[in-house]
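*Asks:*
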Amino acid sequence: MKSLNNKVGFSSLNISIVLLILMISLLARYLVSLNGYSGQSKPPMFGDYEAQRHWMEITTNLDIHQWYFNSTDNDLMYWGLDYPPLTAYLSWVFGKIGEFIEPKSMELFTSRGYETDSGKLFMRMTVIVSDLFIWLPSVWFFVKTFYKQRNISQQISAFLFISLQPGLLLIDHGHFQYNGVSLGLGLFAITFIIRDQQLLASFFFVLSLNYKQMCLYYSPAFFFYLLLSNFEFTLKFSKIFSSIFKILKIGIVVIFTFILCWIPFLSIEQASQVLFRLFPFARGLYEDKVANFWCFISIIINVKNLFTTDQLIKICLILTLVTMLPLVYGIKRIPKNKFVFIHSLINSSFSFFLFSFQVHEKTILLVSLPISLLILHHPNMVWWFILISTFSMFPLLFKDGLVIPYFAIMILYIVIGYQFKNSITRSNNQFKHQNSQENLLASSDKSFYSIYLNYWFYLNIIGMVVCHLLYQFAPHPPHLPSLWLLLVCNFSFIHFILTFFYFIKEMTTFSPIKIKSN
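Take the sequence shown: its letter number 354 is residue 1550 in the working numbering, and every next letter is one higher.
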């Protein structure tokens, strides 16, 4: 037990500090949860809160083989289940608990739009408990692994910064989703990659995919890292055989984990229906307006009118794959490198968000995760990106009645985060003299883009304030009903594309820093 505690980092912490960190994390979530949520009191469809509750209702009352099929008992037009099996299983677990606590909240048909105070408290607590058991432990595990050479105060700072990201807090505990589960499972996989425990990494990544299909955003980075770090380009038969054996072991773990998750849905009929529900291409290029390339270019060219859906899917696929080429180059250039891997996750997720088909505004959270992991190396860039990514979701949060918690969290984040990143920068200046291995990464925040953020910070804050005021109070021209929404999206997109190129530059230029296997 003592050795286990040392590995996860508890031996160096006073228990009171651990409890304080936990209380801060949980209190922040609880305070956000006291506000509105998606579709509150808005029949007939309500919103994401009702979708999650309805999935509990369906999985609790229907046979498992009916969960993804349209029937008189399961109207797929009313928030039909469209997430992978692990989401359905967790919905069943929470549904059974909810049925025991408040039976009416899970009754088939009659519970639609169920919004009692006790029902809402239960639903909110399911998200908090999910964070407590998956998201928060995954962040701590990452920090103690990736930043093991930093002092405990820096580790705590990194933990709080990553775990209390405004966007994730507002979406999961305000709008209402369980992104902390998929991101937590994904973060466990990332950490096991850093620890060079690739079989465990593969297992947890497959779990994240089977909880939320959007974790496919990370799959190219995982695929090429695992492939190129294990396969040796040599003529020696023994090394080729060893490489194939390593890759084969990973493949077996991946296949076994998928089978484990899909056991009830392995028939052709079941599997095809689940896949049809998971990838609804008929919904279009993007939903509402989102801060990506396609929404930006729509100001000039209406690509939806120029191309068919099939053509757009192919164009998006080609553009997404082409913009991922830097990650292949980076991993091939410096295999088994923890910084290259995290940068490749940024490249992969950003390419999907900016250029792929069928993007939601909330999927920026998938980009925010790997970027936030570099907080102690790129404090200026990471701090600013988390700010902008949250700002990009303001129209959605405004619709949900989350304006007050949004501004409260953003103001706190700007004031406290500004001081926090400056403190990290000072710590980095000390740390780089102590550890020559990380000298380059610790000082890499002094690039052109970081200087840009420092000197143009106030100008961009003013720009954000103007966007907020126009969106909330200014009447839009009758012929341009989405003008202010497009302003918010495109203001965000400009920052996103700059960040995208910044991290590509970092990934393809810094010197090798090898990971030591734990």
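Positions of the beta carbon are idealized from the N, C-alpha and C atoms, including for glycine.
Tell me, please, whether the CB atom of Lys1534 is closer than 8 Å to any CB atom in chain B?
*Replies:* As a matter of chain content, chain B is missing from the structure shown, which is built from one protein chain.
*Asks:* Quick check: the Cα distance between Trp1251 and Thr1312, rounded to an integer number of angstroms?
*Replies:* For Trp1251 and Thr1312, the distance between alpha carbons rounds to 18 Å.
*Asks:* How many angstroms separate the CA atom of Gly1243 from the CA atom of Pro1673?
*Replies:* 28 Å
*Asks:* So what's Val1377 in DSSP terms, helix, strand or just coil?
*Replies:* helix
*Asks:* Grouping DSSP H, G and I as helix and E and B as strand, with all else coil, what is Val1486?
*Replies:* coil
*Asks:* Measure how close the beta-carbons of Gly1376 and Ser1404 come, nearest whole angstrom, since I'm counting them as under 8 Å.
*Replies:* The pair is not a contact, with the Cβ atoms about 11 Å apart (cut-off 8 Å).
*Asks:* For Gly1526, count the other beta carbons within 10 Å of its own beta carbon; 16 or more makes it buried, fewer makes it exposed. Which is it?
*Replies:* Gly1526 comes out buried.
*Asks:* Skipping 5 residues on each side, what residues in its chain have a beta carbon closer than 7 Å to that of Gln1351?
*Replies:* Val1339, Lys1340 and Tyr1343
*Asks:* Specify, as a first and last residue, the run of the alpha helix (DSSP H) that His1675 falls within.
*Replies:* Counting along the chain, His1675 falls outside any alpha helix (DSSP H), and DSSP gives it neither H nor E.
*Asks:* To which residues does DSSP link Val1402 through a beta bridge?
*Replies:* DSSP lists no partner for Val1402.
*Asks:* Do you know how far the Cα of Ile1260 is from the Cα of Met1589?
*Replies:* Roughly 35 Å separates the two Cα atoms.
*Asks:* Applying the 10 Å Cβ sphere with the 16-neighbour rule, what's the burial state of Ile1254?
*Replies:* buried
*Asks:* Is there contact here, the segment 1457-1475 with the segment 1270-1281, by at least three beta-carbon pairs under 8 Å?
*Replies:* yes
*Asks:* Where in the segment 1516-1553 do unbroken runs of the alpha helix (DSSP H), each at least 4 residues long, occur, reported from the N-terminal end onward?
*Replies:* 1521-1529 and 1534-1551
*Asks:* If you count every other CB in all the chains shown that lies within 10 Å of the CB of Lys1432, and 16 or more means buried, which is it?
*Replies:* exposed
*Asks:* Thinking Phe1489 and Leu1550 are a contact (beta carbons under 8 Å), I'd like their distance in whole angstroms, please.
*Replies:* So it is a contact: roughly 5 Å between Cβ atoms.
*Asks:* For the candidate residues Asn1576, Ile1605, Gly1380 and Glu1557, whose alpha-carbon lies nearest to that of Val1228?
*Replies:* Ile1605
*Asks:* Tell me which same chain residues have a C-beta within less than 8 Å of the C-beta of Val1289, skipping the five on either side of it?
*Replies:* none
*Asks:* How many angstroms separate the CA atom of Asn1635 from the CA atom of Ser1468?
*Replies:* The predicted position of Asn1635 is uncertain, since its pLDDT is 48 and thus under 50; a value taken from the coordinates is nonetheless stated next. Between Asn1635 and Ser1468, the C-alpha separation is close to 51 Å.
*Asks:* Are the beta-carbon atoms of Ser1415 and Ile1446 separated by less than 8 Å?
*Replies:* no
*Asks:* Give every residue of the same chain whose Cβ lies closer than 7 Å to the Cβ of Thr1519, excluding the five residues on either side of it in the sequence, and list them in chain order.
*Replies:* Ser1547 and Phe1551
*Asks:* When the Cα of Ile1493 is compared with those of Phe1420, Ile1693 and Lys1534, which residue comes out closest?
*Replies:* Looking from the CA of Ile1493, the closest CA among Phe1420, Ile1693 and Lys1534 belongs to Ile1693.
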